[in-house]
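Asks:
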Amino acid sequence: MAKILGPDFIGLQVRNLEASRTFYVELLGLEPTPQSPPHAIVFRTQPIPFAIREPVVNLDEVSHLGWGVVLWLQCDHADELCASLEGHGVPIVQRPFDGPFGRTFSFVDPDGYTITVHGA
Numbered sequence: 001m002a003k004i005l006g007p008d009f010i011g012l013q014v015r016n017l018e019a020s021r022t023f024y025v026e027l028l029g030l031e032p033t034p035q036s037p038p039h040a041i042v043f044r045t046q047p048i049p050f051a052i053r054e055p056v057v058n059l060d061e062v063s064h065l066g067w068g069v070v071l072w073l074q075c076d077h078a079d080e081l082c083a084s085l086e087g088h089g090v091p092i093v094q095r096p097f098d099g100p101f102g103r104t105f106s107f108v109d110p111d112g113y114t115i116t117v118h119g120a
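The opening position of the sequence shown corresponds to residue 1 in the working numbering, with each subsequent residue numbered one higher.
1) Identify which residue in H118, V117, Y113 and A120 has its Cα closest to the Cα of G68.
2) Using a threshold of 9 Å, state whether the C-beta atoms of C82 and A120 are closer than that.
3) If we count Cβ pairs, one from each stretch, closer than 8 Å, do we get three or more for the segment 36-56 versus the segment 84-100?
4) Using a 10 Å radius around the Cβ and a threshold of 16 neighbouring Cβ atoms, would you call P96 buried or exposed?
5) Just the C-alpha distance for D79 and M1, rounded to the nearest angstrom, thanks.
This is how it looks when you write it as structure tokens:
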């Protein structure tokens with residue numbers, strides 16, 4: 001029987017590719033790969049590649065993007081990143097706390113996705 005081996009790529013559809021690129025590069029410190037498919041930006045992340053892409057559906061027709069999906073990103077200094085994001089006006093929906101995966105907090109990206117960050 002064929003079986004799923006596990007997740008191997010994560011992508012978010014975004015309303016404005018360049019604005020989201022700026023957010024993920026300048027505020028989160030992600031590095032784009034030298035080459036990406038058309039209409040997308042793939043970042044150098046480990047162990048799973050992460051990307052943003054132009055939408056294939058009308059994102060304005062849904063009330064909340066990513067409802068029910070939990071996206072966790074690992075960070076070297078969660079408290080420092082949280083303070084930096086907050087200083088740039090990024091909504092913090094869960095303040096840093098000590099969780100099972102280290103220091104953890106959640107924020108909302110420019111498209112309204114809630115993203116959880118945890119320490120290394």
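The beta-carbon is built from N, C-alpha and C at its ideal position, and this holds for glycine as well.
Replies: In brief:
1) Closest in alpha carbon position to G68, among H118, V117, Y113 and A120, is Y113.
2) A distance of 9 Å or more separates the beta carbons of C82 and A120.
3) Judged by pairs of C-beta atoms under 8 Å, the segment 36-56 does not touch the segment 84-100, as fewer than three such pairs exist.
4) It is buried - the Cβ of P96 has at least 16 other Cβ atoms within 10 Å.
5) Straight-line Cα distance between these residues: approximately 45 Å.
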